[in-house]
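Residue numbers (the numbering used here), protein chains in the order written: chain A, 1 to 565; chain B, 1 to 351.
Just so it is clear, CB atoms sit at the ideal spot from N, CA and C, and this is done for glycine as well.
Source: prediction; values computed, not measured.
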Amino acid sequence: MPEATLLHRLYTNAADTKATAGQWQTTGARAISLDERDAANVVSPDVLSGLDDLLRKTQPAGNETAWVVRRFAAPDGESYACVIASYPDLVRDASGRPGFLNHARLVRVAGPSFDVTALVEMAESFPIQEICAASEESRLSAYVNLVSGEDRLAMRPVAVAELLQLPRAFLEDFLAACFAGLGQAQRMRFALTAPTLENLALGWAAVPLALQRNSSWALGADESCNVDAIFRAEGKPPSRVASAALLQCVKRYVDLLDSAPVDFDDILRNASITTVVALDEVVKRATVAAPLSAFSQTSQKPQEMEMQTKKSRARGEARRDEWDPLDADTVAELKRQYDAMEESLRHYVDQRLVALERQPSRDNTTSLATFAAWIPALAVLVIALAGYGIYWFMGHRTPSRRPITAAQRTATADDFTSTADGRSQTTPETETPRVEQTSAQRAVAIAKASDKWADALRDYLASDANAAARAIDDVAATAPTGRRALEDFASRVAGGTDLKPEGRERLRALLVDAIAAQSDTGVTVDGKLADVDMVRLKKQYGVTATKPIDAHSEIILRWMAGEGR
Amino acid sequence: MTMRFLCKDCWIAHEPETLLARCKRCDANTRITRLQPLPEKLGTGTPRGPLVCRIHPSEPLDVYCGACELTVPPRTIVGDRSVIALLGDTASGKTSYLWVLSERLRRATDDGIYIRQALGDSDEQMAKSARDIFERGRMSATPPTDANVRNFAWELATGERSTTVIAFHDAAGEVWNELAGLSRTAYERFYRYLELAGSVIFAIDGAHVAEALDAEARRGVTSPQSRSAQVHELAIVDAVARRIRARGDRVPATAVITKADVLWDRPEWAAFREDSGSDDEAIGKLARELLLKSGRPALVRALEDTFTPVRYFAISAFGSAPSDPLRIEDLRPTRVVEPLLALLGSVVTRT
């Protein structure tokens, strides 16, 4: 097994007992030189700066030794693995106060993977009891003497088989904690079930190489320690901190350890995985294409093997001549949907224009912020136009596409130029300038075109939540009963909550009750619609929809648009 | 004048635009818990009343720091002098002083000043700092960390209907000693604390002062520790002075000789005792004279050139030399509140 030179760095506020009256002595915490074994003589200034900063800020949270593990990137692409032991109350400072001693051990890592457990074992096995047995004045020199015997470390790569010894739940929690704040030194506190330094070090070996370079963690350290994760009893479980997506990524990754350890080892050594997102992508691909390995075949349960054998690689793209042609009905429906989407987008853009026009510019100049507000709308417009272009392309390139007959063309034109009573609307060429409409009126126009009033109401609640909430508040203000329920809905709509179908059904019923109660004092606003004269109400608002859900939505939208009052 | 809310964990004095807020009632109605910028949530409540929700005018908002998203107590409104920098060399008694000061202010002073409430987790952090006194009978050395721990803020009642906020960070002496070369990226929060500091308490180790006084008297030399303490004191003032001058502010300071109990038995310095009957002015003159006689004229001049005004005090955090182990019942803090009261005379109070 290859060996590497071990470097050391000591930081302590122990009193320097060698000081004499004529010697300039620095009080307080400082680095203690270890001559040729001192990391300051070997590592680059950047590494030394980061190491010294970590040593200064590492303190035990309690009376037990604190441990810190991290890697420092070296300029030539390699790195140093570092383990710091922080001993509280080991020494006395120049004023006789209890002091601390922080000891960093570093080893240069040149291989594709590195198991830090060897370094941790060396640090843990250091005979600190011998130091404690010495007198307080001599502890620092005794410590330095003992450290002098540590100059080499056997380097060993990560053994995937050893990782399998870790409890799965522990490994998932540990990896989630490491990835949650990777590289940010946010000092997030996590609580793990029965963490031991050995298990944590072994778990860290499961972090892919490139991610491990940016990863750091501590056990039993104070929150001043600038690492990514601090494992302490009063921390939070990683599942409460990490996002659902991260937890899923970790779960898939650990699944791979069980099911395909060879692939797992490849991922471990993959130097291009520099982010957790990249790791997730690689794991997903490996999960789909994972071959059955001899190890996994013997260890997996039958149903897992059956699941894995059903998985197949993703097929390539189908060839163009295999596409099914679109029939005319489908083309028409697609056109109708794209027209409705365009109408909705126009409505959104007009709303934004109105909102921007109302906002006074602070310095009377066009600001980047104003332009930036338009970017989402422009992006949606570009996507809509691209989608329409694809639809047009498919309609014109498909070999068996049937040409639209003149009758169909006329019928299509009539659909968009005739109203329900047969009168013609103006053609686009002679269209009069658009009269400014409210958002509710636009929603009514969209619903008229699509004849889907429930969908139009749902979209209106989502697209102009503030206006919709105000309208609900307005009707709540006049409702004899049910005001609180309506106000709650107004808050939820304003807050952008997805009401879901049952919520929307309840809201529709309450609103119809409330609208009916405006002209009929006998109506109780309870959402039951029991005492609502629907015939009268439909006539009042000119409702044409037949299905109850659409009829209710039409009443509501028309009321919001100011019709029938 | 815009109100500024202090996040003592980040050392940022927030204006309302950089704060986040949450309404419990909105959260319950929407079943979504999320923080939004305060101006978007803020309703038009009563002037000087609590910050209330725009949609629910009777619901006070929970306010959070926009940087760290930790809670900012709504009463943490800071003035120009609220943040106090506690300077001093290693082992000069800064942590001990802060601890006994906070304990002493739990009950009202003669002027009726007392801690109305601790803001955030100040009391928990102070208990942690002083833990070693209770567990080991000795205050331990403060580690040279960034200003993300050992941050304290208290709301003081300063009059019948007036309060003020004071905030400290207990920095290690090593941090002050190395201030001139301290990395701004590694000590980001500490620098923010320093930039917010509007007044200064400068701790001078009375034990070293006494040793220097004796050496002057016998025309001898002092120990290396005492000599380095003098050098560090001057270096700290010089490093802070550069920042003060760059800001162009008028910053008040109190120079506090700690561990003054070592001098109580000397007739010429007996005025430092609590029962001496001396007033603050007399104490101040005597303390200044002590510094000059102990070989610190350069320090006195540097303080008076940098800060305006400068008041001098001599205090004892424990009332005697710390025994081993320290017993809480033996502690007799002496004149610990006077330096802070002198600074509060310059603090803008909130009615």
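Would you report the Cα separation of residue i and residue j, rounded to the nearest angstrom?
i	j	result
A/A251	A/E172	The displayed chain sequence assigns Lys, not Ala, to residue 251 of chain A. So the alpha carbons of these two residues sit roughly 7 Å apart.
A/D526	B/R31	22 Å
B/L179	B/A239	6 Å
B/T258	B/A212	14 Å
A/N200	A/F174	Rather than Asn, the amino acid found at residue 200 of chain A in this sequence is Leu. Roughly 7 Å between the two C-alpha positions.
B/C136	A/R30	In the sequence as presented, Cys is not what sits at residue 136 of chain B; that position holds Arg. Spanning the two alpha carbons is a distance of roughly 24 Å.
A/R484	A/T524	14 Å
A/L499	A/R492	8 Å
A/N226	B/R116	33 Å
A/L197	A/L140	25 Å
A/E317	A/Y391	Reliability of the predicted coordinates at A/E317 is poor, the pLDDT of 45 falling under 50, and the value obtained from them is presented with this limitation in mind. For A/E317 and A/Y391, the distance between alpha carbons rounds to 19 Å.
B/T142	B/G173	8 Å
B/K285	B/Y312	7 Å
B/F134	A/R56	25 Å
A/Y11	B/G206	28 Å
A/E554	A/V543	6 Å
Is there a Cβ of chain B sitting closer than 8 Å to that of residue i, yes or no?
i	result
A/I224	Position check: residue 224 of chain A holds Ser in this sequence, whereas Ile was assumed. Chain B, which has a Cβ nearer than 8 Å to the Cβ of A/S224, makes this yes.
A/T497	yes
A/Q23	A caution first: A/Q23 carries a pLDDT of 46, below 50, which makes its placement in the model unreliable, though a value can still be read off. Closer than 8 Å: yes.
A/S239	no
A/K57	yes
A/F72	no
A/T329	Residue 329 of chain A is actually Asp in this sequence, not Thr. No - not a single Cβ of chain B is within 8 Å of the one on A/D329.
A/G482	no
A/N214	no
A/S243	no
A/N13	yes
A/F190	no
A/G203	no
A/S272	no
Apply the 10 Å Cβ neighbour rule to residue i and answer buried if 16 or more other Cβ atoms are within range, or exposed otherwise.
i	result
B/A246	exposed
A/R578	Absent from the structure is residue 578 of chain A, since the part of chain A shown begins at 1 and ends at 565.
B/P50	exposed
A/A406	Reliability fails at A/A406, whose pLDDT of 45 lies under 50, so the model's placement of it is uncertain and the value that follows must be treated cautiously. When all chains shown are included, A/A406 counts as exposed.
B/Q225	buried
B/N177	buried
A/S138	exposed
B/V337	buried
A/I375	exposed
A/P195	buried
B/V237	buried
B/Q125	buried
Does the beta carbon of residue i sit closer than 8 Å to a beta carbon anywhere in chain A?
i	result
B/T90	yes
B/E233	no
B/C7	no
B/Q125	no
B/Q230	no
B/Q117	no
B/C65	no
Using the beta-carbon of each residue, which ones in chain C are nearer than 8 Å to residue i?
i	result
B/C10	As a matter of chain content, chain C is missing from the structure shown, whose protein chains are A and B.
Measuring from the CB of residue i, is there a heavy atom of the ligand SAH at a distance below 7 Å?
i	result
A/I515	Looking at this structure, you won't find the ligand SAH or any other ligand, since it has none at all.
Any C-beta of chain A within less than 8 Å: which residues of the region 128-151 of chain B qualify?
D132, E135, R136, R138, M139, S140, A141, P143, P144, T145, D146, N148, V149
Decide if the region 68-80 of chain B is in contact with the region 183-190 of chain B; the criterion is three or more beta carbon pairs, one per stretch, under 8 Å apart.
no
Against chain A: residues of the region 182-199 of chain B by CB proximity under 8 Å:
Here the close residues are S183, A186.
The region 293-312 of chain B / the region 226-235 of chain B touching (three or more Cβ pairs under 8 Å)
yes
Interface residues of the region 31-59 of chain B facing chain A [CB-CB below 9 Å]
R31, I32, R34, I55, H56
Spell out a yes or no on whether the region 129-145 of chain A and the region 178-195 of chain A are touching, meaning 3 or more CB-CB pairs, one atom from each, closer than 8 Å.
no
Below 8 Å between beta carbons is the criterion; list the residues of the region 151-185 of chain B that meet it against any residue of chain A, in chain order.
Against chain A - using a Cβ distance shorter than 8 Å - the residues of the region 151-185 of chain B are A172, G173, E174, N177, S183.
Pair every Cβ in the region 12-24 of chain B with every Cβ in the region 453-462 of chain A, then say whether three or more of these pairs are closer than 8 Å.
no
Contact between the region 212-220 of chain A and the region 59-69 of chain A: three or more CB pairs below 8 Å?
yes
Please determine if the region 181-197 of chain A and the region 156-163 of chain A are in contact, where contact requires at least 3 C-beta pairs separated by less than 8 Å.
no
What are the residues in the region 498-514 of chain A lying within 7 Å of chain B by C-beta distance?
none
With three or more beta-carbon pairs closer than 8 Å as the criterion, would you say the region 325-336 of chain B touches the region 194-201 of chain B?
no
If contact is defined by three or more beta carbon pairs under 8 Å, each pair taking one atom from either stretch, is the region 70-87 of chain A in contact with the region 99-107 of chain A?
As far as the Cβ criterion goes, the region 99-107 of chain A touches the region 70-87 of chain A, which means the pair count is three or higher.
Sufficient close CB pairs (3 or more, under 8 Å) joining the region 119-128 of chain A to the region 33-40 of chain A:
no
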